[in-house]
Structures are given as structure tokens and as C-alpha cells.
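Numbered according to the working numbering, the sequence shown terminates at residue 247, and the numbering increases by one at each position without gaps. For each residue, glycine too, the CB sits at the ideal point set by N, CA and C.
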Amino acid sequence: MIGDVVGRPGRRAVGALVPELRRELGLDFVIANGENAAAGRGLTAATAHELLNAGVDVITSGNHIFAQKDIIPYLDGSLPVLRPANYPPGAPGRGMVTVGGVTVLNLIGRTFLGAYDDPFRAADALLEAAPAGGPLVVDFHAEATSEKVAMGWYLDGRVTAVLGTHTHVPTADLRVLPGGTAYVTDVGMVGAARSVIGNEVQASLRRFLTGMPERLSVAEAGPVLLNAVLVETDGAGPRARSIIRVDREYEIDG
């Protein structure tokens, strides 16, 4: 699972590093959160195809999934792109997909984020409809660490992994819970190292120092960090054997 991909630097790093990582680590399946892939906010059909062509199997998202209107017609189509399942009824897209025997669920938190439907009950409904057998991986896109940790415990033993996204900052609490569910509060991001969670530093500082509205642009210069986690399953069901960090640095030329 790859953390939130931020803009063009993030997409270029995914294109360069994911094929190598698939070979190096013998990866069977790759998930990436792509909700910031298009200029740092939202996803387009073109940027989705760029990630999929790089070796990503399923793209998850979060609160910015509808920021680029271009993607909306594709959310109910054949592209393996998810929006959080607990958007209110009537929103385009779906929150669960099965590809190659792996089922991926996408949920969004409510604390500090918005008036979404209950992610815990949405998870229950998804699991009732999920196919039996094979890994079940949850991208829980949430702000509050407490909400993410609670979701990990709530789904322990019922899914292979609960992997947090949204804050763009990788956390050090990787573990396999007693019921066999791999957990991490936040995977991190794929974005410029010299940035404020992927955004240009000076614009971010002006926003904090002045309190004035400031358009945040994606940071383009310098090395790009790729934050990811690797989950190994037991192959016979939803239980996870291990979860480890996979972090890389990519230098963009030109």
C-alpha cells in the first residue's frame, strides 16, 4: 500500500519506483491512494491511468475524490478507482472492488473531516457483501488517530489490513493485532521531501503566519519520498503474517 500520491512529483516517483519494487519485493498486489495525484487535489482519468500503468492495481481516495470533475464519469465504470464507501447515498462511484482475488475497501473518517456516514457501520455492510476467501484490505482515510486506531480494533480478525491515509505523515505503529489484522495509523505520502505534506513551503508558511487565504501549490523541487507498507498474508484467508515499512527516495531530473 502506497501513501497519498501528491501531484506530478508523486506520480513520477510511482512510475519510476513501483516497477522496481514489484520485482525487488515480489509484490503480488499494489494499492495507492490517488486523491491528490492531479496537481495536489483530486484525480483525473489521465492521472489514474498513469498510476495504473506504473503497476498500481487499485486506486483508493478520500475527501478530495470529487475535486476534479473529470474523474466522476469513470467512478461507476471499469477503472479500479474507489471513493470512500460511506459518502452519502447517491454519490457516484463505489467503495469496494475485488481485483485478482484481493478485495479493497475504502472508508473515510468523520472526526475533523466532514459529515460523512458512519464508517464503522459502512464497514459492516461492505464485509457482508464481500466475497469469501482472499485478502481484505481497508484504506481508512481519516484525520484523527483515535478514529483510525478504533477502526483497526473494530475490524481486527475480520480483514487482512487496516491502513490509514490522509495525514501524509508516516507513523511508527505498525503491528499485527491479536486477531490477525495488520495495522498502521498512516502510510504516509509520495511527495516532495522539501515540502509541507507535499505542498510548497513558502506558501504554506504564509498561510500559517498571516492567517490569510493562500493557494497551495505542489512542491516540485528536490528529492521525492515514497512511503509505503508491505503486508504479507498467510495465503489461506484474511489473516496477515507481518507488516513492515517500505520507504524510498527518488531524485527527479529536470
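Rounded C-alpha distance that separates residue i from residue j
i	j	result
GLY3	GLY157	18 angstroms
GLY173	THR153	7 angstroms
ALA9	ALA47	8 angstroms
ALA123	HIS134	20 angstroms
HIS42	ALA143	34 angstroms
PRO206	GLY(-4)	27 angstroms
VAL169	TRP146	11 angstroms
ASP69	PRO171	36 angstroms
VAL180	THR203	31 angstroms
ARG5	GLU244	10 angstroms
GLU28	HIS161	12 angstroms
ASP111	GLY184	30 angstroms
GLU225	MET182	21 angstroms
GLY150	GLY228	15 angstroms
PRO92	PHE201	The sequence shown places Val at residue 92, rather than the Pro named in the question. Computed Cα separation, rounded: 42 angstroms.
Residue environment, residue i, which counts as buried when at least 16 other CB atoms sit within 10 Å
i	result
ILE248	It is not possible to answer for residue 248, since the shown part of the chain is limited to -6 through 247.
MET89	buried
LEU14	buried
ALA108	exposed
GLU17	exposed
ARG208	exposed
ILE190	buried
LYS236	Position check: residue 236 holds Ile in this sequence, whereas Lys was assumed. Buried, by the Cβ-count rule.
Residue nearest to residue i in terms of C-alpha spacing, selected from the options
i	options	result
ARG232	ALA47, ALA143, ALA137 and GLY126	GLY126
SER188	LEU20, SER54, ASP21 and GLY33	GLY33
ALA39	GLN61, ASP240, PRO12 and ILE237	GLN61
TYR176	ILE190, ASN56, HIS57 and LEU223	LEU223
VAL74	HIS159, ALA185, ALA84 and ILE24	ILE24
ASN26	ILE58, LEU20 and GLY19	ILE58
SER210	ALA30, PHE22 and GLY150	ALA30
ALA84	MET182, PHE22 and GLY55	GLY55
GLU140	LEU129, HIS159 and VAL130	HIS159
VAL(-1)	PHE22, ASP21, VAL130 and GLY35	GLY35
VAL95	GLU193, PRO12, ASP21 and ASP166	ASP21
ARG1	ARG87, GLU136 and THR37	THR37
THR164	ARG151, GLY228, ALA137 and GLY150	ALA137
ALA214	GLY230, VAL49 and ASP246	ASP246
GLU242	ALA186, ASP132, PHE201 and THR91	ALA186
Identity of the residues DSSP links to residue i by a beta bridge
i	result
GLY83	Per DSSP, none; premise fails for GLY83.
HIS57	Note: HIS57 sits in no beta bridge, so no partner.
VAL152	ASP149
Below-8 angstroms beta-carbon distance, residue i vs any chain D residue
i	result
PRO128	Of the chains in the structure shown, none is chain D; there is only one protein chain.
Review point. For the region 61 to 69 against the region 205 to 222, are there 3 or more C-beta pairs whose distance is under 8 angstroms?
Key: They do not touch, by the three-pair rule.
Review point. When the Cβ atoms of the region 195 to 207 are set against those of the region 113 to 127, are three or more pairs found closer than 8 angstroms?
Key: no
Point to revise | contact_flag[the region 69 to 84, the region 93 to 109] where n(CB pairs < 8 angstroms) is 3 or more | key: Inter-segment contact for the region 69 to 84 and the region 93 to 109 is present: three or more beta-carbon pairs are separated by less than 8 angstroms.
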